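Asker: Protein sequence lines, in the order shown, are assigned to chains D and U.
Taking the numbering used here, the leading residue of the first sequence gets 1, the next gets one more, and so forth.
Taking the numbering used here, the leading residue of the second sequence gets 1, the next gets one more, and so forth.
Don't be surprised by glycine CBs; every beta carbon is placed ideally from N, CA and C.
On a predicted model such as this, the values are computed, not experimentally measured, just so you know.
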Amino acid sequence: MQNEIIFSGFGGQGALFAGQLCSYAAMDNGLEVTWIPSYGPEMRGGTANCTVIISNEEIGSPLVRNPSAVVAMNLPSLDKYEPLVKPGGLLIVNSSMVNRAPTRTDIRVAMVPANELAEKIGDKRMTNMVLVGALLANLPILTQEMMEKALQEHLPARHHRFLPLNYQALREGAAYIAAPVA
Amino acid sequence: MARQLMKGNEAVAEAAVRAGLHAYFGYPITPQTELLEYLSRRMPELGRAFVQAESEVAAINMVYGAACTGSRVMTSSSSPGFSLMMEGVSYMAATEIPVVMINVMRGGPGLGNISPSQADYNQSVHGGGHGDYRQIVLTPGSVQESVDLTVLAFDLAEKYRINTVILSDGSIGQMMEPCELPEMQPLRGVSTEPWAITATMGQREHRMLSSIYLKVSDEEKTNIRILNRWRQIEANEVRFKEYYLDDADFAIIGFGSAGRVALTAVRQARAEGIKVGLLRPITVAPFPVQQVAELSKRVQGILVTEMNGGQMLDDVLRIVKGNCPVEFFARLGGVVPFPDEILSEIHRIAKGPLSVDVDPRSAWLDRMAAIVN
Numbered sequence: 001m002q003n004e005i006i007f008s009g010f011g012g013q014g015a016l017f018a019g020q021l022c023s024y025a026a027m028d029n030g031l032e033v034t035w036i037p038s039y040g041p042e043m044r045g046g047t048a049n050c051t052v053i054i055s056n057e058e059i060g061s062p063l064v065r066n067p068s069a070v071v072a073m074n075l076p077s078l079d080k081y082e083p084l085v086k087p088g089g090l091l092i093v094n095s096s097m098v099n100r101a102p103t104r105t106d107i108r109v110a111m112v113p114a115n116e117l118a119e120k121i122g123d124k125r126m127t128n129m130v131l132v133g134a135l136l137a138n139l140p141i142l143t144q145e146m147m148e149k150a151l152q153e154h155l156p157a158r159h160h161r162f163l164p165l166n167y168q169a170l171r172e173g174a175a176y177i178a179a180p181v182a
Numbered sequence: 001m002a003r004q005l006m007k008g009n010e011a012v013a014e015a016a017v018r019a020g021l022h023a024y025f026g027y028p029i030t031p032q033t034e035l036l037e038y039l040s041r042r043m044p045e046l047g048r049a050f051v052q053a054e055s056e057v058a059a060i061n062m063v064y065g066a067a068c069t070g071s072r073v074m075t076s077s078s079s080p081g082f083s084l085m086m087e088g089v090s091y092m093a094a095t096e097i098p099v100v101m102i103n104v105m106r107g108g109p110g111l112g113n114i115s116p117s118q119a120d121y122n123q124s125v126h127g128g129g130h131g132d133y134r135q136i137v138l139t140p141g142s143v144q145e146s147v148d149l150t151v152l153a154f155d156l157a158e159k160y161r162i163n164t165v166i167l168s169d170g171s172i173g174q175m176m177e178p179c180e181l182p183e184m185q186p187l188r189g190v191s192t193e194p195w196a197i198t199a200t201m202g203q204r205e206h207r208m209l210s211s212i213y214l215k216v217s218d219e220e221k222t223n224i225r226i227l228n229r230w231r232q233i234e235a236n237e238v239r240f241k242e243y244y245l246d247d248a249d250f251a252i253i254g255f256g257s258a259g260r261v262a263l264t265a266v267r268q269a270r271a272e273g274i275k276v277g278l279l280r281p282i283t284v285a286p287f288p289v290q291q292v293a294e295l296s297k298r299v300q301g302i303l304v305t306e307m308n309g310g311q312m313l314d315d316v317l318r319i320v321k322g323n324c325p326v327e328f329f330a331r332l333g334g335v336v337p338f339p340d341e342i343l344s345e346i347h348r349i350a351k352g353p354l355s356v357d358v359d360p361r362s363a364w365l366d367r368m369a370a371i372v373n
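Written out as structure tokens, the structure reads:
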């Protein structure tokens with residue numbers, strides 16, 4: 001069983017860390033995982049994305065043309081990756097940062113107002129965690145408990161005061177369940 | 001030991017430290033820089049030597065000098081940086097000293113770009129520097145393999161007093177994967193090797209290491225010694241990994257990143273019932289000659305896939321000697337193929353017809369016209 005997830009957003013939205021956190025949780029639970037960022041001549045304020053592949057066997061290609069899931073944190077990411085999601089796959093959209101709905105009908109879509117939810121719980125930097133919560137509620141390969149454990153294990157100690165907020169952000173996002181493909 | 005999630009470049013750096021790296025000399029270049037950056041922190045922390053040289057030319061000559069002491073030394077760079085080092089690489093080979101070099105390849109030729117590539121195969125495997133020399137070339141396909149091969153590189157370099165190259169690429173350097181790191185080896189004291197340039201302490205004769213043999217008969221003997229040593233390496237140190245080859249009708253041969261991409265395609269083809277397997281060379285020098293020769297006698301066709309214009313392809317053709325048709329597929333210049341591209345090639349090959357009379361590079365270039373235009 002293999003899942004490929006692309007996390008994409010503006011630099012600073014936490015797309016790369018969201019992918020890393022899932023990678024840590026996968027590793028800690030005995031799975032194989034590959035995290036690879038786009039590393040072109042990146043520009044401040046530009047886009048950032050990473051591909052995470054989680055599998056129970058040796059992982060081949062670190063990149064896929066058609067991922068099983070995409071987390072689109074802004075409009076350019078939605079425009080770029082909506083057409084690429086595997087049919088039957090999952091698209092998580094940060095609806096706070098887009099002005100259109102996805103048009104595909106052969107994939108599952110969850111529209112998550114992640115910026116608003118993050119601000120509601122008190123810290124807009126939790127946007128990425130809200131979206132990870134939504135991702136894993138719809139692609140149940142890692143549990144809330146695994147993610148909380150991964151945060152405890154791998155977040156530097158100086159950030160541990162943010163742990164409860166991160167847990168809450170994951171749970172807020174998990175409330176957004178995509179409708180099945182019609 | 002628990003697995004750690006590490007970036008390829010940093011994992012190589014830590015593996016080298018644990019293998020007893022005494023001194024590192026380098027110059028930054030993307031996509032390799034994290035390796036140097038990591039060591040700039042880690043080496044001084046352990047009281048070891050880290051030098052960011054003023055250029056690659058300086059760095060390789062520092063490596064040359066330090067390696068003459070018999071200590072574990074290393075440099076790392078990426079393609080254009082390695083071209084600058086070639087004079088020193090040849091001198092070190094001629095001096096017969098153990099050196100480890102990491103090449104995190106990027107798109108070329110020229111300044112090229114910073115994306116992954118495998119286009120320095122010929123430079124590493126078939127020379128690069130002047131003169132008749134050989135060097136061991138190891139090609140990792142993952143972060144874990146990068147770690148394991150780094151440790152092995154130091155052992156092989158010392159066992160045979162030879163340049164040893166880890167030929168990686170930007171993809172493996174930049175990706176994060178779980179890896180198990182080796183135990184920390186204690187740093188060795190002054191080398192006890194009988195050739196090492198260490199202080200005589202008034203206890204023994206002076207030693208000299210050099211790459212100069214003005215008497216041509218001495219130079220010829222040196223060349224023959226180097227080539228004979230290479231025969232031992234060919235006999236003892238070939239490494240490779242096989243996937244699904246037992247009952248395969250068709251075989252793919254690819255190293256490093258190209259081999260990984262091919263693995264995904266092979267699994268997809270297997271799921272469709274196509275009997276295809278993969279041979280992933282881990283040492284490309286020495287090359288798995290016997291394995292490729294045997295394969296060519298029992299499969300209906302071989303597909304070579306690389307991220308260059310067919311540099312390893314020429315080696316495979318020389319070994320296969322027309323035993324079976326050989327086909328070729330590559331993306332290059334920093335483009336990494338997607339698995340579906342290799343899968344399409346598997347479909348094409350499985351459907352046939354194949355011929356030993358087709359020039360695989362030429363046929364590939366004809367097919368590429370539709371892809372790149």
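#1: Tell me whether the beta-carbon of Leu167 of chain U lies closer than 8 Å to the beta-carbon of Asp120 of chain U.
#2: Excluding sequence positions up to five away, which residues of its chain have a Cβ less than 6 Å from the Cβ of Ile107 of chain D?
#3: Can you give the beta carbon distance from Leu303 of chain U to Phe287 of chain U, rounded, assuming they're within the 8 Å contact cut?
#4: Which two residues bound the contiguous beta strand (DSSP E) that contains Leu138 of chain U?
#5: Just by C-beta distance, which residues in the segment 18 to 35 of chain U are closer than 9 Å to chain D?
#6: For the segment 60 to 80 of chain D, enumerate the residues whose C-beta is nearer than 9 Å to any C-beta of chain U, in chain order.
#7: For Thr143 of chain D, count the other beta carbons within 10 Å of its own beta carbon; 16 or more makes it buried, fewer makes it exposed. Which is it?
#8: Extract the residue ranges of the alpha helix (DSSP H) inside the segment 79 to 151 of chain U, only unbroken runs of 4 or more that lie entirely within it.
#9: Going by the beta-carbon positions, is the gap between Ser8 of chain D and Val71 of chain D smaller than 8 Å?
#10: Measure the C-alpha to C-alpha separation of Thr200 of chain U and Tyr64 of chain U and round it to an integer number of angstroms.
#11: Could you tell me whether any Cβ in chain U is nearer than 8 Å to the Cβ of Thr47 of chain D?
#12: Could you name the residues of the segment 169 to 200 of chain U whose beta carbon sits closer than 8 Å to any beta carbon of chain D, in the order they occur along the chain?
#13: Can you tell which of U:Ser90, U:Gly333, U:Asp359 has its C-alpha closest to the C-alpha of Pro109 of chain U?
#14: What residues of chain D sit near Thr264 of chain U, judged by a beta carbon separation below 7 Å?
#15: Could you give the DSSP three-state label for Val64 of chain D: helix, strand or coil?
#16: To the nearest angstrom, report how far apart Val130 of chain D and Leu170 of chain D are at their CA atoms.
#17: For Asn323 of chain U, which option in U:Val299, U:Gly309, U:Ala350 has the closest C-alpha, if you only look at C-alpha atoms?
#18: Counting only the same chain and skipping the five closest in sequence on each side, list residues whose C-beta sits under 6 Å from that of Ser55 of chain D.
#19: Leaving out five residues before and five after Ser375 of chain U in sequence, what residues of the same chain have Cβ atoms less than 6 Å from its Cβ?
#20: Indicate whether at least one CB of chain D lies closer than 8 Å to the CB of Phe329 of chain U.
#21: Which of the residues in the segment 330 to 361 of chain U, read from start to end, lie with their CB under 9 Å from any CB of chain D?
#22: For Ser23 of chain D and chain U, any beta-carbon pair shorter than 8 Å?
#23: From the DSSP output, read off the bridge partner residues of Ala168 of chain U.
#24: So the beta strand (DSSP E) Gln52 of chain U belongs to, where does it begin and stop?
#25: For a contact defined as C-beta to C-beta under 7 Å, what are the partners of Arg3 of chain U on chain D?
#26: Is Thr30 of chain U near Ile102 of chain U, with beta carbons less than 8 Å apart?
#27: By the 10 Å Cβ neighbour count, where 16 or more other Cβ atoms means buried, how is Gly133 of chain D classified, buried or exposed?
#28: Considering just the uninterrupted stretch of the beta strand (DSSP E) at Ser257 of chain U, what are its terminal residues?
#29: Restricting to Cα atoms, I'd like to know which of U:Met175, U:Met85, U:Gly129 is closest to Leu35 of chain U.
#30: Mapping the DSSP letters down to three states, classify Ile162 of chain U as helix, strand or coil.
#31: Among U:Thr95, U:Val147, U:Gln268, U:Ala269, which residue has its Cα nearest to the Cα of Tyr213 of chain U?
#32: Could you check what DSSP says for Ala196 of chain U in three-state terms: helix, strand or coil?
#33: Less than 8 Å between the beta carbons of Phe240 of chain U and Leu279 of chain U, yes or no?
Answerer: With the given structure in hand:
#1: yes
#2: Val85, Gly89, Leu91
#3: About 17 Å; that fails the 8 Å criterion.
#4: 136 to 138
#5: Thr30, Pro31
#6: Gly60, Ser61, Pro62, Leu63, Val64, Arg65, Asn66
#7: exposed
#8: 79 to 95, 121 to 125
#9: yes
#10: 20 Å
#11: no
#12: Gly170, Ser171, Gln174, Met175, Met176, Glu177, Pro178
#13: U:Gly333
#14: Gly60, Ser61
#15: coil
#16: 5 Å
#17: U:Val299
#18: Gln2, Glu32
#19: As displayed, chain U neither begins before 1 nor continues past 373, which places residue 375 of chain U out of reach and without an answer.
#20: no
#21: Val336, Pro337, Phe338, Pro339, Asp340, Glu341, Ile342
#22: yes
#23: Going by the sequence as given, residue 168 of chain U is Ser instead of Ala. Paired residues: U:Val104.
#24: 49 to 52
#25: Met27
#26: no
#27: buried
#28: Not the beta strand (DSSP E): Ser257 of chain U falls in the alpha helix (DSSP H), residues 256 to 271.
#29: U:Met175
#30: coil
#31: U:Thr95
#32: coil
#33: yes
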